Each structure stands twice: as structure tokens, then as C-alpha cells.
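Colleague: Just so you know, we're using this note's numbering here: the sequence shown kicks off at 66 and counts up by one. Ideal Cβ placement from N, Cα and C applies to all residues, glycine included. Because the structure is a prediction, the values reported are computed rather than measured.
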Amino acid sequence: MAKRLSKALRGKRRWVGIECLAQFESRSLFEKHLSEVLQALDESHSIRLMDFHPAHSEVALAAVSVLKDSEGCGFAILQIPHPAYQNVRLLLESEDSLLTHGLRSLTSSGKIRLVRERLALPSPKRNR
Numbered sequence: 066m067a068k069r070l071s072k073a074l075r076g077k078r079r080w081v082g083i084e085c086l087a088q089f090e091s092r093s094l095f096e097k098h099l100s101e102v103l104q105a106l107d108e109s110h111s112i113r114l115m116d117f118h119p120a121h122s123e124v125a126l127a128a129v130s131v132l133k134d135s136e137g138c139g140f141a142i143l144q145i146p147h148p149a150y151q152n153v154r155l156l157l158e159s160e161d162s163l164l165t166h167g168l169r170s171l172t173s174s175g176k177i178r179l180v181r182e183r184l185a186l187p188s189p190k191r192n193r
């Protein structure tokens, strides 16, 4: 069995919580749109969609009641490699990002747990 890399040698990443328009009703539609929006970035292939909750889901409706300013929106969490983080952040944090791309960054962190807490999203059940 291969020796595990130390924490310092593993790839660094950031987790970004975003809101998306209600038009994205499935994960596959959202992934397709996300790849179109991020294709201008060199490292768009390494950005991963970790969580997606469409606007009509119970989880998204509960999150909207907590956040209060994201009415009728769905939520997603992206895993972004550290080198691509600044470019993605500039793209998704602009004021008209929700109108232009249908996506807007709400929060980011080095820990996915913190992003889920800030967006009031539950962590998925672990299968053991």
C-alpha cells in the first residue's frame, strides 16, 4: 500500500458556496451551465461541484428561510483548487454575477463544514 501524502504536500483547495437561479432544476443542467461559465478559466476542468440543491428542494427552501435575501434560489458548493480561486472569485462575486451568469458567490472557506453552516445546508449522510 502506498504511503499517504502529508497534509502539506496535498493539493490546497477552497470551498465556495454559491446561489443559483431557479431555472436549474437538476444537477446535470447546473453542471453543464457551470462548465460553460467557467470554460474561460484555464483550470475549469478541476473545479468540482460537491453539493447541489435546486430551488424547489426542501433543503434550499429551509436555507432561504435562514438567509432571507436569496428567495427563489438554489444553492451549490464548489471545490476550487487554490491556483484558480482568485479568478473564480472575481467571476462570481461581481454585483451583476447573478444576472449575467445565473450564479453568485455567497461565502468561501478552506473547510466545507463552515460553508455548509453559513448556508444552513445539512451535511450528507455517510454510507458505511
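Taking the CB atoms as reference points, tell me whether Ala120 and Gly139 lie closer together than 8 Å.
Modeller: Start at 1 with the first residue of the sequence shown, and residue 120 comes out as number 55. Start at 1 with the first residue of the sequence shown, and residue 139 comes out as number 74. It is a contact, given that the beta carbons lie within the stated cut-off.
Colleague: Between His98 and Gly175, is the Cβ-Cβ spacing less than 8 Å?
Modeller: Sequence index remark: in the sequence shown, residue 98 carries index 33 (1-based). Sequence index remark: in the sequence shown, residue 175 carries index 110 (1-based). Against a cut-off of 8 Å, the Cβ pair of Gly175 and His98 comes out as no contact.
Colleague: For the segment 66-115, list the alpha helix (DSSP H) runs that are entirely contained and at least 4 residues long, ordered along the chain.
Modeller: With a minimum length of 4 residues, the continuous alpha helix (DSSP H) runs that stay inside the segment 66-115 are 92-103.
Colleague: Any contact of the segment 179-193 with the segment 140-159, i.e. 3+ C-beta pairs under 8 Å?
Modeller: At 8 Å Cβ cutoff, the stretches touch.
Colleague: With a threshold of 16 other CB atoms inside 10 Å of the CB of His118, please say whether the residue is buried or exposed.
Modeller: Along the sequence shown, one-based indexing puts residue 118 at 53. His118 should be labelled buried.
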